[in-house]
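Working notes, structure below.
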Amino acid sequence: TRANCVFTKFTYNRLNEILDIANEKKFSVCFQPVWEKTLTYAEHYLQMEQVQILAAIDFMIEQKKLKNKALGNSLNSLLYWKDLIINPQKVKCKAGQVFARIEPNGDLRKCGRVEEKIPYRDILVTGLEKSFANLLNFEECTSCQSWASINTNTLL
Numbered sequence: 038t039r040a041n042c043v044f045t046k047f048t049y050n051r052l053n054e055i056l057d058i059a060n061e062k063k064f065s066v067c068f069q070p071v072w073e074k075t076l077t078y079a080e081h082y083l084q085m086e087q088v089q090i091l092a093a094i095d096f097m098i099e100q101k102k103l104k105n106k107a108l109g110n111s112l113n114s115l116l117y118w119k120d121l122i123i124n125p126q127k128v129k130c131k132a133g134q135v136f137a138r139i140e141p142n143g144d145l146r147k148c149g150r151v152e153e154k155i156p157y158r159d160i161l162v163t164g165l166e167k168s169f170a171n172l173l174n175f176e177e178c179t180s181c182q183s184w185a186s187i188n189t190n191t192l193l
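For the sequence shown, our numbering gives the first residue as 38, with consecutive numbering after it.
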């Protein structure tokens with residue numbers, strides 16, 4: 038079992054409590070900060086200051102080095118995110134190449150965070166292979182905010 042946990046300016050310094058519960062109950066947690074659509078720290082009442090998010094990342098890096106099995110974020114993805122926070126840049130993403138999202142109505146999307154859809158609305162008629170191949174026709178996203186996706190991307 039894996040949980041995804043969003044942290045905020047009010048909870049970024051309490052990640053250890055969640056990891057303690059996860060260790061006790063034997064599941065892992067992949068953390069994700071509250072965040073707007075870009076890496077520019079647009080105003081949001083729960084969003085953290087740069088120093089807060091870096092503190093959370095440093096805590097998680099320390100936990101990975103201590104081999105805390107409850108922490109689901111990979112060390113590579115945490116190091117990558119730290120670099121993105123300090124030096125904003127285009128995010129490398131494999132969405133639409135190695136993973137995708139199927140909506141309840143049959144739409145296939147590169148991921149749940151972009152609105153692009155392939156021309157084939159029903160993968161049951163078109164087929165998954167052809168539909169998935171059509172995802173390659175869309176531009177790459179330039180501002181992924183999903184730590185879970187970045188975690189997957191750093192493995193590839």
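Quick reminder that beta carbons are idealized off the backbone N, C-alpha and C, glycines included. Because the structure is a prediction, the values reported are computed rather than measured.
Quiz item: At which residue ranges does the stretch 96-143 contain complete alpha helix (DSSP H) runs of 4 or more residues, listed in the order of the chain?
Solution: 112-123
Exercise. Check whether the stretch 129-136 touches the stretch 87-94, counting contact only when three or more Cβ pairs, one atom from each stretch, lie closer than 8 Å.
Key: no
Quiz item: In chain order, what residues of the same chain lie with their CB nearer than 7 Å to the CB of LEU172, ignoring the 5 residues before and after it?
Solution: In the sequence shown, residue 172 corresponds to position 135, counting from 1. Only GLY133, ALA137, LEU145, LYS147, ILE155 meet the Cβ criterion.
Quiz item: When DSSP labels each residue in this structure, what does PHE169 get in the three-state scheme?
Solution: For the purposes of this step, residue 169 is taken as the residue at position 132 of the sequence shown. Reduced to three states, the DSSP call for PHE169 is helix.
Practice problem: Could you check the C-alpha separation between LYS167 and GLY143 for me, to the nearest Å? | Solution: As a first step, residue 167 must be located in the sequence shown, where it is residue number 130. As a first step, residue 143 must be located in the sequence shown, where it is residue number 106. C-alpha separation (whole angstroms): 14 Å.
Quiz item: When the distance is taken between beta carbons, is TYR49 closer than 8 Å to ALA93?
Solution: In the sequence shown, counting from the first residue as 1, residue 93 sits at position 56. In the sequence shown, counting from the first residue as 1, residue 49 sits at position 12. Contact: yes.
Quiz item: Can you give the Cα-Cα distance for ASP57 and LEU112, rounded to whole angstroms?
Solution: Within the sequence shown, numbered from 1, the residue matching residue 57 stands at position 20. Within the sequence shown, numbered from 1, the residue matching residue 112 stands at position 75. Cα-Cα distance, rounded: 19 Å.
Self-check item: Closest by C-alpha distance to TRP118, when choosing among CYS67, LEU91, GLU99
Solution: As a working mapping, residue 118 is identified with position 81 in the sequence shown. Nearest option by C-alpha distance: LEU91.
Quiz item: The beta strand (DSSP E) with VAL66 in it runs from where to where?
Solution: As a working mapping, residue 66 is identified with position 29 in the sequence shown. Residues 65-70.
Quiz prompt | Delimiting residues of the beta strand (DSSP E) encompassing LEU41 | solution = Residue numbering aside, residue 41 sits at position 4 when the sequence shown is read from its first letter. Note that residue 41 corresponds to Asn in the displayed sequence, not to Leu. Where ASN41 is concerned, the enclosing beta strand (DSSP E) stretches over 39-44.
Self-check item: Terminal residues of the alpha helix (DSSP H) in which LEU83 lies
Solution: Taking the sequence shown and counting its residues from 1, the one referred to as residue 83 is at position 46. Premise fails: LEU83 is in no alpha helix (DSSP H) and is neither H nor E.
Quiz prompt | Reference VAL71, options TYR82, PHE64, GLU61, LYS62, closest by Cα | solution = Taking the sequence shown and counting its residues from 1, one reaches residue 71 at position 34. Answer by Cα proximity: TYR82.
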